[in-house]
Amino acid sequence: LFMHRKTMTQTQDEQKREVAQAAIQHIPIGSIVGVGTGSTANYFIDELAKVKQKIDGAVASSDDTAQRLKSHHIQVLELNSVSEIPVYVDGADEITEHLHMIKGGGGALTREKIVAATAKKFISMLRVCECLRLIHCFVI
Numbered sequence: 001l002f003m004h005r006k007t008m009t010q011t012q013d014e015q016k017r018e019v020a021q022a023a024i025q026h027i028p029i030g031s032i033v034g035v036g037t038g039s040t041a042n043y044f045i046d047e048l049a050k051v052k053q054k055i056d057g058a059v060a061s062s063d064d065t066a067q068r069l070k071s072h073h074i075q076v077l078e079l080n081s082v083s084e085i086p087v088y089v090d091g092a093d094e095i096t097e098h099l100h101m102i103k104g105g106g107g108a109l110t111r112e113k114i115v116a117a118t119a120k121k122f123i124s125m126l127r128v129c130e131c132l133r134l135i136h137c138f139v140i
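By the numbering used here, the letter at position 47 of the sequence shown is numbered 47, and the numbering carries on one by one without gaps.
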């Protein structure tokens, strides 16, 4: 989800909150949502909590994500117990102007990729400053 030019004057937290709010608009009613890990995903979880009555639960990509979802009283389901994940939402780690993206440079890499691959649609929440000319290497 790309943001407007005004994001250049917003703080990182304001940008993350705004992309999380935009992502909520793409969550199908009555669905199970795959949820990523990290600071932007945390803003998404906070926004998801405001509409939790409209979803059937969430599949977390990490233990930290599961704990945050549970703290908002959002039902956390195991991946093996769901038949379908219509949408997975996570923040982008880095992306080029050609939309080549690195996802999962952090500690939840494997689980993030598994949950994302299971979903029918992947929504990547992206702040303006994450659009880079070069993709940097992650040390894993």
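In this text, a Cβ means the ideal position worked out from N, Cα and C, and glycines have one as well.
For V33 and A22, the gap between their C-alpha atoms comes out near 15 Å.
Here K70 is not bridged, per DSSP, to any residue.
Secondary structure note for A119: its beta strand (DSSP E) is the uninterrupted segment A119 to M125.
DSSP places D90 within a strand segment (E or B) once states are collapsed to three.
Annotation: the continuous beta strand (DSSP E) that includes V59 extends over G57 to A60.
Between S31 and V87, the C-beta spacing is below 8 Å. Assigned with DSSP and collapsed to three states, T37 falls in coil, not helix or strand.
In the structure shown, V82 adopts coil according to DSSP, grouped into three states. In this model, V89 and A119 are separated by some 9 Å (Cα to Cα). For the pair H72 and S124, the Cα-to-Cα distance works out to about 22 Å.
Contact check for V115 and L79: beta-carbon distance about 6 Å, within the 8 Å limit, so the pair qualifies. Counting only the Cα atoms, L77 lies some 15 Å from Q53.
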